[in-house]
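Accompanying notes for the structure given below.
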Amino acid sequence: MPSPGPEQLTGQLHGVLEPIVIAAGFELDELDVRVAGRRHTVKVVVDSDTGVGLDDIARLSRSASAELDQHEHLIGGSYTLEVTSPGVDRPLTGPRHWRRAHLRLVEVRRPDGTTFQGRVGPAGEEAVTLLVDGVLREVRYADVAYAAVQVEFRPPPDAEVDLLSPDHAQTDDTTPSPPSSGEQR
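All residue numbers for the sequence shown refer to my numbering, where the first residue is 1215 and numbers rise by one.
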């Protein structure tokens, strides 16, 4: 009987590992299975609103390994298990990613290729508030082709944090999309 391909195996292992991840208090952000001969690499990426620490990763790795050992018939050979959290370079693809990036500086590329940077404020189901060049702007996720957090070595300025606090004033609805870095006002 032929062994399942990586996509089928990923689906089967998702059903096995997701309950373990949820029981540990995390979300299964990504599951990737790579096959090289009879050797498999199972990469489990987990996330949570409160972050993921190294002790959490170690505990979850032990639990996931024990569960995979009970389902070794699915893998059909030796495997390497990697449990990790998303890196800073993970694209922001859904509302929960934007919520977790609150107060972080992000670079956004619109579908037309223009880019801008802004600091992340409140994130809803359809749009996020960004502070762009000192102005609060609501940006719909549908208007974002790609977005990622930018690495900063200092905390955000207090003035920006104040502007992005939930009890601060409204967003500027007169300009629905932020200007690209080359546009003038």
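Even for Gly, the Cβ is constructed at its ideal location relative to N, Cα and C.
The structure presented is a predicted model; accordingly, all values stated were derived computationally and were not measured.
Asked                                                                                : Found
Proximity of V1266 and V1256 at Cβ, strictly below 9 Å                               : no
Exposure of D1261, with buried meaning 16 or more beta-carbon neighbours within 10 Å : buried
Backbone CA spacing between L1274 and H1311 [nearest angstrom]                       : 21 Å
Option in A1373, T1328, G1327 and P1309 with minimal Cα separation from T1343        : P1309
Cβ-heavy atom distance, E1244 to the ligand NAP, below 8 Å                           : Of the ligands one can find in the structure shown there are none, so the ligand NAP has no counterpart to examine.
Rounded straight-line distance, which links the Cα of T1328 to that of R1314         : 24 Å
For E1340 and Y1355, believed in contact at Cβ under 8 Å, the rounded distance       : 7 Å
Extent of the continuous beta strand (DSSP E) run through L1317                      : That residue, L1317, is in no beta strand (DSSP E); it is neither H nor E in DSSP.
Cross-strand partners of D1261 (DSSP beta bridge)                                    : E1241
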